[in-house]
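Numbering (the numbering used here), first residue to last: 244 to 423.
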């Protein structure tokens, strides 16, 4: 039986780039547009889209430098969040409603929305316990960061490629998010 000795190589950016050029992998590196998103804006770019026969799903990269909570949205199916990013970037704020869509919408319309109806999580990148999670379908949420200088957080979202969402505007409310 032939014996083949394989030498392991430490992964380096150069080696990864070479493998990518050869079509052997795809690095998850945000585009220059994502790396320079201005404060108050957000960029979403599709990284991958599965073929119809095998999925369908897509992988998005989201560069978030939005600082104002003006809506919450719920998707029709689950999505995952993968927040591995530059540790020097600004924190990612995951904003989530504590009640379902119908109850939340009623509270907004009736002027009964309170701080107890919304949780804001300050996420730091690359934390195995808090940086990677799944959001069930139907959960109202949004993503923001704090105002001020610094690179906006960038995260990845693998999700179904054809799913609708429900958005509830919050433009009649003003929110102050106090840093953790």
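Just so it is clear, CB atoms sit at the ideal spot from N, CA and C, and this is done for glycine as well. Bear in mind that the values here come from a model prediction, so they are computed numbers and not experimental data.
Could you pull the DSSP bridge partners for residue i from this structure?
| i | result |
| --- | --- |
| residue 335 | 366 |
| residue 269 | None, per the DSSP bridge assignment. |
| residue 410 | 316 |
| residue 352 | According to DSSP, which records beta bridges pairwise, residue 352 is partnered with nothing at all. |
| residue 402 | 301 |
Could you give the DSSP three-state label for residue i: helix, strand or coil?
| i | result |
| --- | --- |
| residue 326 | coil |
| residue 307 | strand |
| residue 289 | strand |
| residue 385 | strand |
| residue 421 | coil |
| residue 378 | strand |
Counting contacts by CB-CB distance shorter than 8 Å, is residue i in contact with chain D?
| i | result |
| --- | --- |
| residue 386 | Checking the listed chains, one finds no chain D in this structure; it contains a single protein chain. |
Output the distance between the C-alpha atoms of residue i and residue j, rounded to the nearest integer angstrom.
| i | j | result |
| --- | --- | --- |
| residue 307 | residue 354 | 29 Å |
| residue 367 | residue 352 | 33 Å |
| residue 349 | residue 255 | 52 Å |
Is residue i buried or exposed, if buried means 16 or more other CB atoms sit within 10 Å of its CB?
| i | result |
| --- | --- |
| residue 280 | buried |
| residue 332 | buried |
| residue 322 | buried |
Subject >> Cβ contact check for the segment 364 to 383 and the segment 322 to 334: 3 or more pairs under 8 Å >> reply: yes
Taking contact to mean at least 3 C-beta pairs separated by less than 8 Å, is the segment 360 to 368 in contact with the segment 293 to 302?
no
* Stretch pair the segment 340 to 349 + the segment 398 to 413: three plus CB contacts closer than 8 Å -> yes
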